[in-house]
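Below is one structure, written out as structure tokens; the observations come after it.
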Amino acid sequence: MRKRILTFAVALAMMASMFTGCSKPEAPVAEETAGNAALATKITEPVEISFWHAMSGANEEAMKKITDDFMATNKNVTVTLVNQGKYLDLFDKLMAAAKAGQLPAISQIYSNRLSWYVSKNLVENLSPYMADATTGFAQADFDDIPKMFLDDGIWDGNQYAMPFNKSQMVLYYNEGMLADAGVKVPTTWEEWAEASKKLTVDKDKDGDPDVYGTVFANNLSTDIIPWFKQAGGTTIDRETGELLFDTEAAKEAVTFLNGMIQSKTARLAGDDKNANVPLQQGRAAMCVASTSALPNIESDTMEGITINCAALPSHKTNDQLFYGTNVTVFNTSTDAQKQAAWEYIKFLTNTENTAYFAAQTGYIPVRKSAQGDPVFKAVLEAKPMKKLPFENMDNGFQGERHIGAINALDALGDQLNLVFSGKKDIDAALKDAKINGTKAMEEAKNN
Amino acid sequence: MEKGFSPGKFVSYIILVLGAIFILIPFAWMILTSVKPSNEVLLMPPKWIPTKFLWENYIKAYKAAPFRQYFFNSVFVAACVTAGDIITTILAAFAFSNISFKFKHIVFIAMVATMMVPSEILIIPNYVTLSEFGWINSYKALILPWCASIFSIFLLRQQFSSIPDAYYKAAKVDGCSDFRYLFTIMVPMSIPTLMSIGILKLINSWNSYMWPLIVTNTTEMRTLPVALAAFSTEAGTKYNLLMAFSVMIVAPILIMYFFTQKYIIKGVSKTGLKG
Chain A
1 MRKRILTFAV
11 ALAMMASMFT
21 GCSKPEAPVA
31 EETAGNAALA
41 TKITEPVEIS
51 FWHAMSGANE
61 EAMKKITDDF
71 MATNKNVTVT
81 LVNQGKYLDL
91 FDKLMAAAKA
101 GQLPAISQIY
111 SNRLSWYVSK
121 NLVENLSPYM
131 ADATTGFAQA
141 DFDDIPKMFL
151 DDGIWDGNQY
161 AMPFNKSQMV
171 LYYNEGMLAD
181 AGVKVPTTWE
191 EWAEASKKLT
201 VDKDKDGDPD
211 VYGTVFANNL
221 STDIIPWFKQ
231 AGGTTIDRET
241 GELLFDTEAA
251 KEAVTFLNGM
261 IQSKTARLAG
271 DDKNANVPLQ
281 QGRAAMCVAS
291 TSALPNIESD
301 TMEGITINCA
311 ALPSHKTNDQ
321 LFYGTNVTVF
331 NTSTDAQKQA
341 AWEYIKFLTN
351 TENTAYFAAQ
361 TGYIPVRKSA
371 QGDPVFKAVL
381 EAKPMKKLPF
391 ENMDNGFQGE
401 RHIGAINALD
411 ALGDQLNLVF
421 SGKKDIDAAL
431 KDAKINGTKA
441 MEEAKNN
Chain B
1 MEKGFSPGKF
11 VSYIILVLGA
21 IFILIPFAWM
31 ILTSVKPSNE
41 VLLMPPKWIP
51 TKFLWENYIK
61 AYKAAPFRQY
71 FFNSVFVAAC
81 VTAGDIITTI
91 LAAFAFSNIS
101 FKFKHIVFIA
111 MVATMMVPSE
121 ILIIPNYVTL
131 SEFGWINSYK
141 ALILPWCASI
151 FSIFLLRQQF
161 SSIPDAYYKA
171 AKVDGCSDFR
181 YLFTIMVPMS
191 IPTLMSIGIL
201 KLINSWNSYM
211 WPLIVTNTTE
221 MRTLPVALAA
231 FSTEAGTKYN
241 LLMAFSVMIV
251 APILIMYFFT
261 QKYIIKGVSK
271 TGLKG
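Protein chains in written order, with our numbering: chain A, 1 to 447; chain B, 1 to 275.
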């Protein structure tokens, strides 16, 4: 008898440890909804909604303040902010929650991740909410949000996401170093390569520069696109989804970047992790990084170094990359929750709040009118660098968002690393990037 | 009789000192970084001693998350997981080493084979399972899935198998039950191995990041490592605050090491494990 009990205990232990067995292989696909005919525009009963995000520090504090303000004026709505770690943690958790049918009402998400959720019909179409006469948008609101930000949340003519924390890829530079070397802030690729060469310093002539002209981020996979576009190409065809990794434009862009790296006038961030770190310490004269790095640059730059920023130097075109997440509403919530979620997002992104969020963080406002907001106006006067994104919005664009685009661009990034480390020639690398990327994209589509 | 100086002894001390330095450098870097101003953290060449010791980094790090709640959760979860794992391990290892049942070896091999599956792959299916149980955001989700470990069972089964069968037979002749034999003979003879299993489990549970983050949604349920994410953004990491928080997380484990090192050394020498 006791042997049986022990054997039963073993079986229990095995079951507990082999928990993985009982799982659903497929994501639950929400039922097709017949549009959003009946909106619960008036919230009369208490409603609770969760907002999953990956903001920490000052970013999270700013979100908390805006959320508290919203709840103070919308007594029936309780918004619970749930920090889900870093971006990748958040996206992993969203995927798990989608498979388990446990998605939150609202989440922060990149469009290149949201594509999958839209394709599985898990995302609420916000267009009817925006068009609603009572709680929707006026034409002035549509005009106020830069088109590229709105477009980033549109699939098949429907708005599935609203812009939230946006930033621009810029060229930061050490003002003192440029002045000492008599170098102007570069505005073209040629000027940039020349400036980078002049600003590189190898005091002991050991072939390992003490100061590099330019430092780039470690992984140029999703971030390679501005150079492809400026050379007249792009990474992925928007219509067909074909990978355009091995075009003449792609080759020209990679040849330009690789030229600077092989001549040791530029490098990747390496152990510095972030490209702005060596700039802040006087070990680089310029770097390419996001405007969201501004708070770190302000607090961590060594004394005596003044940093400014400019738009990325242009080439055949002057395309400027903007990035950052959007906020989306999942359609797995109740009608009242979805209405509350829309009203919260509308509040979060109104002029006053987007200006406040941008003032407190390194992000940029998602409305042009924020420039006239008293809080943000004061910030613009104190920090002229914050004006730059407004000057570039007309020629700004956001990255690719096809399902599997991240996987395909990662495959490109792997090949670029081989090129930059001198282990592979450009033609072969771009050809392999296309083959590997297409395969990775197909696999992602089948998930 | 004490031996005097010998070249062999001298060389061994040199090697030991070098080993100690190698192991202590990361700890020293962690502690010194925890009190540095942020602009001195990533200097190249590294600046070991900060120009100014910023002890307030600890206060900032402490305030960045509800430390007391997270600390309680970490202690509670780690203690329950360790106790649960030891109980299931003892029972399962005894069954696999001393009890005959059908397909014993096949079942054991099948269980050991699951160790080859990377844990990352299992996160989503496990989340779905717990979600169906309604356990998301509860202590059950944090504790129960980790209360059994194939690795621990494998380890203890090897230890139990090394105990001569004659003890079992003699105990049986004297009318001793399986349970009594297990808990009065085998377990006391396997304390070092059980200590190793317990310590490894405790450290794993204490350091666990992804699982507590995935299965919880409120600060009331989260554990200390989850708070580490608060110091990193896409634009960079506040290494000084991160290290201050890490010191606070590592300290209890270090204290535990000091008190249990006798058992750890025994366990390591017996099982060939390295911490």
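We put the beta carbon where it would ideally sit given N, CA and C, even for glycine.
Buried or exposed for residue i, please, with buried defined as at least 16 other CB atoms from any protein chain shown within 10 angstroms of its CB.
i        : result
B/Ser51  : For clarity, residue 51 of chain B is Thr in the given sequence; the question names Ser instead. Classification of B/Thr51: exposed, given that the 10 Å Cβ count is below 16.
B/Thr193 : buried
A/Trp227 : buried
A/Gln415 : buried
A/His315 : buried
A/Thr33  : With a pLDDT of only 40 at A/Thr33, under the threshold of 50, the placement of this residue in the model should not be trusted; the figure read from the coordinates follows. It counts as exposed.
B/Gly198 : buried
A/Gly157 : exposed
A/Asn395 : exposed
B/Trp55  : exposed
A/Gln262 : exposed
A/Pro209 : buried
B/Gly134 : exposed
A/Ala11  : Low local confidence applies: a pLDDT of 49 at A/Ala11 is under 50, so the model's placement there is unreliable, with the coordinate-based value given in what follows. Burial call: exposed.
B/Gly4   : exposed
A/Met162 : buried
B/Tyr168 : buried
B/Val11  : exposed
B/Asp174 : exposed
B/Trp48  : exposed
B/Ile23  : exposed
A/Gly21  : Reliability fails at A/Gly21, whose pLDDT of 39 lies under 50, so the model's placement of it is uncertain and the value that follows must be treated cautiously. Classification for A/Gly21: exposed.
B/Ile109 : exposed
Please compile the residues from chain B whose C-beta is within a distance smaller than 9 Å of the C-beta of residue i.
i        : result
A/Met302 : Asn39, Glu40 and Leu43
A/Tyr87  : Glu234
A/Asn59  : Thr233
Going along chain A, which residues have a C-beta under 7 Å from residue i?
i        : result
B/Tyr127 : Ala96 and Ala100
B/Ser131 : Ala100 and Gln102
According to DSSP, residue i sits in a beta bridge with which residue or residues?
i        : result
A/Met162 : A/Val327
A/Cys287 : A/Tyr172 and A/Val215
A/Asn308 : A/Tyr173
A/Arg267 : A/Val215
A/Val79  : A/Ile49
A/Thr188 : A/Ser314
B/Pro75  : At residue 75 of chain B the sequence reads Val, which differs from the Pro that was named. DSSP, once it has assigned bridges, lists no residue as partnering B/Val75.
For residue i, go through chain B and note every residue whose CB falls closer than 7 Å to its CB, in chain order.
i        : result
A/Asn296 : Ala235 and Gly236
A/Ser299 : Ser38
A/Ala293 : Ala235 and Gly236
Note down, in chain order, every chain A residue with its Cβ under 9 Å from the Cβ of residue i.
i        : result
B/Asn207 : The contacting residues do not exist; B/Asn207 stays about 15 Å from chain A at best.
Could you work out which residues of chain A lie near residue i, taking near to mean beta carbons separated by less than 8 Å?
i        : result
B/Val226 : Gly85
B/Ile106 : None at all; the shortest Cβ gap to chain A is about 12 Å.
B/Leu213 : Gln84, Gly85, Asp89 and Lys93
B/Ala166 : Near B/Ala166 there are no residues of chain A at all, since even the closest Cβ is about 20 Å away, more than 8 Å.
B/Ile123 : Asp92 and Ala96
In chain B, which residues lie with their C-beta within 8 Å of the C-beta of residue i?
i       : result
A/Val82 : Asn217 and Thr218
For this session: Kindly confirm or deny that the region 353–364 of chain A and the region 293–313 of chain A touch, where touching means at least three C-beta pairs closer than 8 Å.
Result: Pairwise C-beta distances place the region 353–364 of chain A in contact with the region 293–313 of chain A, as three or more of them are shorter than 8 Å.
For this session: With 9 Å as the limit, tell me which residues of the region 45–57 of chain A have their beta carbon closer than that to any beta carbon of chain B; keep them in chain order.
Result: For the region 45–57 of chain A, which is checked against every Cβ of chain B, the residues closer than 9 Å are Ser50, Trp52, Ala54, Met55, Ser56 and Gly57.
Exercise. Can at least three beta-carbon pairs, one atom from the region 235–253 of chain B and one from the region 59–66 of chain B, be found at a separation below 8 Å?
Worked result: yes
For this session: Compile a chain-ordered list of the residues in the region 277–291 of chain A whose CB is closer than 8 Å to at least one CB of chain B.
Result: Val277, Pro278, Gln280, Gln281, Arg283, Ala289 and Ser290
Problem set entry | Inter-stretch contact (C-beta, 8 Å, three-pair minimum) for the region 201–208 of chain A and the region 343–350 of chain A | no
Exercise. Are the region 228–235 of chain B and the region 159–167 of chain B in contact at 8 Å, needing three or more beta carbon pairs?
Worked result: Too few Cβ pairs lie closer than 8 Å, so no.
Exercise. Which residues, in order along the region 109–121 of chain B, keep a beta-carbon less than 8 Å from a beta-carbon of chain A?
Worked result: Met111, Thr114 and Val117
Exercise. Using 8 Å as the threshold, is the region 202–215 of chain B in touch with the region 68–85 of chain B, meaning 3 or more CB pairs across them?
Worked result: yes
Exercise. Between the region 361–387 of chain A and chain B, which residues of the former have CB atoms less than 7 Å from a CB of the latter, in chain order?
Worked result: Listed by position along the chain: Gly362.
Exercise. For the region 249–256 of chain A against the region 135–150 of chain A, are there 3 or more C-beta pairs whose distance is under 8 Å?
Worked result: no
Exercise. Can you list, in chain order, the residues of the region 19–31 of chain B whose Cβ is nearer than 7 Å to any Cβ on chain A?
Worked result: none
Problem set entry | Three or more C-beta pairs below 8 Å linking the region 270–289 of chain A and the region 171–181 of chain A | yes
For this session: Would you check if there are 3 or more beta carbon pairs closer than 8 Å linking the region 262–280 of chain A to the region 10–21 of chain B?
Result: no
Exercise. Taking any Cβ of chain A, which residues in the region 235–264 of chain B have a Cβ under 7 Å from it, in chain order?
Worked result: Ala235 and Gly236
For this session: Pair every Cβ in the region 76–95 of chain A with every Cβ in the region 145–153 of chain A, then say whether three or more of these pairs are closer than 8 Å.
Result: no
Exercise. Can we say the region 97–113 of chain A touches the region 393–413 of chain A, given the rule of at least three CB pairs closer than 8 Å?
Worked result: yes
For this session: Select from the region 56–90 of chain B all residues with a C-beta closer than 8 Å to any C-beta belonging to chain A, and list them in chain order.
Result: So the list reads Ala64, Thr88 and Thr89, given in the order they occur along the chain.
Problem set entry | Contact set between the region 133–160 of chain B and chain A, restricted to residues whose Cβ is under 8 Å from the partner | Ile136, Leu144, Pro145, Cys147, Ala148, Ser149, Ile150 and Ile153
Exercise. Given a limit of 7 Å on CB to CB distance, which residues of the region 261–275 of chain A reach chain B?
Worked result: When CB distances to chain B are screened at a threshold of 7 Å, the residues of the region 261–275 of chain A falling below it are Asp272 and Asn274, in chain order.
For this session: Scan the region 170–191 of chain B for residues whose Cβ lies nearer than 7 Å to a Cβ of chain A and list them as they occur along the chain.
Result: Ser177, Asp178 and Phe179
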